[in-house]
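Just so you know, we're using the UniProt record's numbering here: the sequence shown kicks off at 1 and counts up by one.
Glycine included, each C-beta is placed from N, C-alpha and C at the ideal position.
These numbers come from a predicted model, not from an experiment.
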Amino acid sequence: MDTEISQLETDEVCRKYGLSERSAYNVVRGHPWDKVQAMQANVWSSENPQGLISLGVAENPLLQHEVGTYIKNSIAATDNDHLRYGVGPRGSPRLRKALASFFNLEFRSHDPVRDRDVLILPGVMSVLDSLTWSICNEGEGIIVPLPFYTGFNPAVQERSRGVLIQASFQSLEGYHSLDDVFSPVIIQQALEGALQKAAANGVKIRAVLISNPHNPLGRCYPAETVREIARFCGSNSLHLISDEIFAKSVYENPRASDARPFTSVISLNLSDLIAPHLVHVAYGAGKDFCASGLRIGVLLSRNDGIISAVSSISVFQWVPYLTQNAWAEMLEDDHLLAGFHARNAKILGQHCEIAQAFLEEHKIPYYRNANAGTFLWIDLRRYLQNNDKQQTGLNLSISGSPLPNVESYRHRESELCKRCFEFGVGISPGSSFSTEELGWFRICFAVEKQALYIGLQRLLECLRAIEAGNREEP
């Protein structure tokens, strides 16, 4: 159990509400949905210009009108099969076949993906949760390199009570910058260090979990780094789980000096490094198909035991056939796919350039080698300092030797986000992604162009207010 949540707190909730200890733990831990609902009550639009502009959520609505129109014109609930149990909850044969073909063609799978290797679940979070349930006993661990997508926490911990073991970088010999997170040499050291740390704490490691393209850094792992991660997993008999939800959201970024193309773990010949049954891919329609509300994801695994284990609980995660057919219709339309993904990449690149140009104009540092996803990793460390001591490049690292007054800086990071909300723009703090250094934030540029310009301007006004000391400091 999380040491930050005391047994006393859990016991009190159990008594008050008559809950199990398992569910009481989740209640004490909390959830974001009340805040999300409150945010959605006052969203910016041309009719509500004072509403909140969220640059903190990694959705991609840029081509949603096109997707919505396509679905309306292509799908109708006239087939009675939509209203029946059909073949059960593991996924319709049509969609599983379409996805197998999609993986073979678009992910360039080295070994053919079969329909039987694919299971349909309600989103990538469900895929990761189901995988954790299948491979981890309570208290067993999954290694994840820092920083990592905030959703990995609930996916591993909420139901299965797995333990996330962080692979840190900043204290490693040879580490100089965020680019080294993608170095095969450095990541090998980080993974080995995490494995040793887990052993010292009595935690048995079962898997390594990565996001590729990386969230929140927005960069694709080089092929040689994917191979090194696979080698580490194979040599330690660990599962390798690759969240590839942004696989087709890769764009041109002329400002990046070392951008890499996307390399799926299934595109490589890894037979000399890891057994095929230890490699699993999570994917979904939410990002690349601008359809996060469809709530549909896919597990790709050549492990018959994993497929059977996840199938045994899939009745609790049954995706409606109407939804499955909507995605299958898109996947089967070669003409749509060819144009859609090209348009998506082009518009993502345009919006990224708007954000980068703005940041550079106003001398706000950011991680420069992003070329995938819908976000940038920006450096606001100077705004966590007292106004009379502001400097760029301040070391606020919380790995290795502890940062003095670390809780004070965590509070300032949180307060900076609150200040942004006061100015009408939402951004995500680095702490949400378990960053090794406070003061970094993720901003998402995949919003309506007018909203992006206004949101960035609101962010700038907030930072200027902090810098000038016109408001109470965070």
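For W44, there is no enclosing alpha helix (DSSP H), as DSSP marks it with neither H nor E. By the Cβ-count criterion, S109 is buried, with 16 or more other Cβ atoms from all chains shown falling within 10 Å of its own Cβ.
For S242, the enclosing beta strand (DSSP E) has its first and last residue at 239-243. A check of alpha carbon separations from H82 across P49, P145, T323 identifies T323 as the nearest. Within 10 angstroms of the beta-carbon of S20 lie fewer than 16 other beta-carbons, which makes it exposed. Between I274 and I378, the C-beta spacing is not below 9 angstroms.
Secondary structure of Y283 (DSSP, three-state): strand.
As the crow flies, the alpha-carbon of A24 is around 8 angstroms from that of D11. Within 10 angstroms of the beta-carbon of P254 lie fewer than 16 other beta-carbons, which makes it exposed. In the same chain as H362, and ignoring 5 residues on each side of it, the C-beta atoms closer than 7 angstroms to its own belong to L460, in chain order.
When the alpha-carbon of A446 is set against those of E329, G373, G174, G430, the nearest one is in G373.
For I241, the closest alpha carbon among the candidates D129, L172, H411 is that of D129. Look at I142 here: in three-state DSSP terms it is strand.
For P32, the number of other beta carbons within 10 angstroms of its own is below 16, and it is reported as exposed.
Between E353 and L62, the gap from beta carbon to beta carbon reaches 9 angstroms or more. Taking C-beta atoms as the reference points, G139 and K197 fail to come closer than 9 angstroms.
Beta-bridge annotation (DSSP): R442 is paired with W377, S428.
Taking C-beta atoms under 8 angstroms as the contact rule, I120 and V319 qualify, at a distance of about 5 angstroms.
Ranked by Cα distance from P276, the first of R84, P365, C233, G88 is C233. DSSP places Y366 in the strand class (E or B) of the three-state scheme.
Put simply, of L172, V13, F289 the residue whose alpha carbon is nearest the alpha carbon of L348 is F289. Under the three-state reduction of DSSP, A247 is assigned to coil, being neither helix nor strand. By the neighbour-count definition (other C-beta atoms within 10 Å, threshold 16), E407 is an exposed residue.
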